[in-house]
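Participant: Sharing a structure below in structure tokens format, with a few things to ask.
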Amino acid sequence: MAFNTEKPVEPNGSSDHSDLTWRARLAKALKRWAGMKAPQVVHPGTEQRRACSDVERLSSLGNLDRLNAAVFEGTVRIAFAGDSIVEGDRDGLYDNSVVATLMRALREQNPGIDFVAGNFSLSGRGIGALATESYVGQPYPEDLATGFYRPDGSPVTDQWPVGSVVGKSWMAHLRDFAPDFVMVMHGANDLSGSSLGNTTALKHVLDLIRHFPKAPSVGVSTTALPAISAGYQEEAQIAADGVRGVARELNLTLVDINRAFNRLRAGVDVEHLVYTRDDTFAGYPAGWSVEARSTFSLANAGGGAISGNGSALRNLQSLDILIKATFSCPSWFSTTCALHYRSMGSPAHQYSVHISSGSLVLYWGATTLGFKAMGALASGSKVVLQVDVQGALHRVYVNKALQLAVYDYHHLRRGSHGVAIIGGTGTITDFIVHTGDYCATEVPQLSDLELYGGDNVATHTGVPDGNGINHPTRYANRVCWAAAFSALVDHIRVQKSPGR
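In this note's numbering, the protein residues as written are 8 to 507.
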């Protein structure tokens, strides 16, 4: 992506080019987006992850049939729906915003294509407002709780063509624009901490878009985290994780701003977790929270097995997990065996996969997420039960055969794992666990000041630039927000159009 980075200016006029200056760190960041290797932090004893240049793009492409057809036809209509960051004219010039930067790159790199853009973003609104048909245009001044007002935007900026229409829903403005491609860019205002609530609203929005008279291709983006001083780190990450899962579930184009942001600010790749083995029952019950009525006890001195019944949770939390165990029961007819994971400490707030003679069930609390009828299990037989969880995708295997694959959004964050034998008694052996969590495997490139500005420390003297909370600086818009569109920009560039 050809962004203009001429004549960078150091804060306070500094000419120091060491790694400690803004200019040097920005140069490193730009090199990374250009395909050059980024320095890595070495953590002995952990599996090292690859730098930005070595992994797949920070975006993934979904179904782009309508967009591809529009490129071939020579005119591409693109609509954006997002919050103040996408709206682009709060605490900064619109020309420096993510949408303006992206559209400038598309037009420069594809002179034979007429790009018609409509930025229908609204400051302070979240995905719930876009999903609500009763959230409509109002006369100025609007009541933010029930509606919105935007004046006719300048053709140069692509903002709100003809302005908002009184009585017309936010979604209807997008529909009547007749886009070939829609980018839904929410998350910064969706900080309830409920991934299920956020993704339910997002899926409703996507269903409405799918039923436009001209069904467009759709992309979604993940939100960056706000400045650390502003809080809401976990809530914003929950919102981003939910969008990432929905993109994969529905085969949507994903612009992973959150992933790019975490790599730049913290050196953490949220898509490539570091896994640690934590298996066997050595030392049990030390390190475990055991149900009061449980009769589990070590079956051998080496910690290779436990026998009895009840439930036990390991006092260790992880994000993703691969957990496998072999269960054997004298009577499967009266016994259910289970694996627990992402547990928040109670049966009502944990995932569990239960196997018994005749059925396999995946639960969140008491809610059934997946069911598979199984054959009868012979008394005394062994069953290998395995769960592989990555983000929102849960895959359940029985005796190495995949039986269930379910996307779910009740809880995408950390939790404990454990085992259970319910009803009868049994033995658990070959307990193998790989826990996945974040680990800084790269050198951070940009600080919150460089990403968000604010506090009267201007990154560019005299130019409003960032708000110190969640509105990015012009440089962050280039090397993080807009750069996360690189896969989509490259895809459009290599398509065949009438002028090529």
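Beta carbons are placed, not taken as given, at the ideal position from N, Cα and C, and that holds for glycine.
Taking 8 Å as the limit between beta carbons, can you name the residues of its chain near residue 421, skipping five residues before and five after?
Facilitator: Within the same chain, residue 421 has close Cβ partners 324, 325, 326, 349, 444.
Participant: DSSP state of residue 68, grouped into three classes?
Facilitator: coil
Participant: Just to confirm my understanding: we take residue 274, look at its own chain, exclude 5 residues before and 5 after, and list those with CB closer than 7 Å. What are they?
Facilitator: 48, 447, 448, 449, 450, 451
Participant: Got a sec? Which residues, its chain only, sit under 7 Å from residue 223 by beta carbon, not counting five neighbours each side?
Facilitator: 73, 186, 187, 188, 189, 216
Participant: Run through the region 66-152 for me and flag every whole beta strand (DSSP E) of 3 or more residues, listed as ranges in chain order.
Facilitator: Annotation note: the region 66-152 contains the following uninterrupted beta strand (DSSP E) runs of length 3 or greater, listed N- to C-terminal: 82-89, 121-126.
Participant: Should residue 58 be labelled buried (16 or more other beta-carbon atoms within 10 Å of its own) or exposed?
Facilitator: Residue placement at residue 58 cannot be trusted, given a pLDDT of 35 that sits under 50; what the coordinates show is reported in the next sentence. Buried: at least 16 other Cβ atoms inside 10 Å.
Participant: Just to check my reading of the structure: residue 247 and residue 160 have Cβ atoms closer than 8 Å, yes? What is that Cβ distance to the nearest angstrom?
Facilitator: The Cβ separation is near 28 Å, so there is no contact.
Participant: Could you tell me which residues DSSP pairs with residue 284 in its beta bridges?
Facilitator: 441
Participant: Identify the residues that DSSP records as bridge partners of residue 295: which are they?
Facilitator: 321
Participant: Going by beta-carbon coordinates alone, are residue 405 and residue 424 separated by less than 8 Å?
Facilitator: no
Participant: Please list, in chain order, all residues of the same chain as residue 306 whose beta carbon is under 7 Å from its beta carbon, the five residues on each side excluded.
Facilitator: Annotation for residue 306: 312, 313, 314, 434 place their beta carbon closer than 7 Å to its own, counting only its chain and skipping 5 residues before and after.
Participant: Along the chain, where does the beta strand (DSSP E) containing residue 374 start, and where does it finish?
Facilitator: Per DSSP, residue 374 belongs to the beta strand (DSSP E) from 374-380.
Participant: Indicate the three-state DSSP secondary structure (helix, strand or coil) for residue 476 in the structure shown.
Facilitator: coil
Participant: To the nearest angstrom, how far is it from the Cα of residue 122 to the Cα of residue 141?
Facilitator: Those two C-alpha atoms are separated by around 30 Å.
Participant: If you follow the beta strand (DSSP E) that residue 404 is in, where does it begin and where does it stop?
Facilitator: 400-405
Participant: Using DSSP's beta-bridge definition, name the partner residues of residue 327.
Facilitator: 443
Participant: Quick check: the Cα distance between residue 171 and residue 427, rounded to an integer number of angstroms?
Facilitator: So the two alpha carbons sit approximately 57 Å from each other.
Participant: CB-CB under 6 Å to residue 358, same chain, minus the five flanking residues each way: which ones, in chain order?
Facilitator: 348, 349, 371
Participant: Nearest CA to the CA of residue 137: which residue from 213, 284, 340?
Facilitator: 213
Participant: So what does DSSP say about residue 499, is it helix, strand or coil?
Facilitator: helix
Participant: Find the nearest neighbour of residue 438 within the set 341, 286, 232, judged by alpha-carbon distance.
Facilitator: 286
Participant: Identify the continuous beta strand (DSSP E) that holds residue 245 and give its terminal residues.
Facilitator: Taken as a continuous stretch (DSSP letters only), residue 245 belongs to no beta strand (DSSP E), being part of the alpha helix (DSSP H) at 240-257.
Participant: Closer than 6 Å by C-beta to residue 27: which residues in its own chain qualify, once you throw out the five before and the five after it? Chain order, please.
Facilitator: Only weak support is given to the placement of residue 27: the predicted model assigns it a pLDDT of 38, under 50, and the question is left unresolved by the model.
Participant: From which residue to which residue does the beta strand (DSSP E) around residue 371 run?
Facilitator: 366-371
Participant: Going straight from the alpha carbon of residue 127 to that of residue 392, what length do you get?
Facilitator: Residue 392 has its alpha-carbon roughly 48 Å from the corresponding atom of residue 127.
Participant: In angstroms, rounded to a whole number, what distance separates the CA positions of residue 301 and residue 317?
Facilitator: 4 Å
Participant: What is the DSSP secondary structure of residue 214, counted as helix, strand or coil?
Facilitator: When DSSP states are grouped into helix, strand and coil, residue 214 belongs to the helix group.
Participant: Would you give the residue range spanned by the alpha helix (DSSP H) that residue 459 belongs to?
Facilitator: Taken as a continuous stretch (DSSP letters only), the alpha helix (DSSP H) holding residue 459 covers 455-459.
Participant: Considering only the alpha carbon of each residue, which of 480, 473, 191, 143 lies closest to residue 175?
Facilitator: 143
Participant: Would you call residue 491 buried or exposed, if buried means 16 or more other Cβ atoms sit within 10 Å of its Cβ?
Facilitator: buried
Participant: Is it buried or exposed, residue 94, if we count other Cβ atoms within 10 angstroms and call 16 or more buried?
Facilitator: buried
Participant: Determine the DSSP secondary structure at residue 198, reduced to helix, strand or coil.
Facilitator: coil
Participant: Express the C-alpha separation of residue 401 and residue 413 in angstroms, rounding to a whole number.
Facilitator: Each residue's alpha carbon lies about 5 Å from the other.
Participant: Following the continuous beta strand (DSSP E) through residue 182, name the residue where it begins and the one where it ends.
Facilitator: No beta strand (DSSP E) holds residue 182; the alpha helix (DSSP H) holding it covers 177-183.
Participant: Starting from residue 420, trace the alpha helix (DSSP H) in both directions and tell me its first and last residue.
Facilitator: Unbroken run through residue 420: none, as it is neither H nor E.
Participant: With H, G and I counted as helix, E and B as strand and the rest as coil, what does DSSP make of residue 171?
Facilitator: coil
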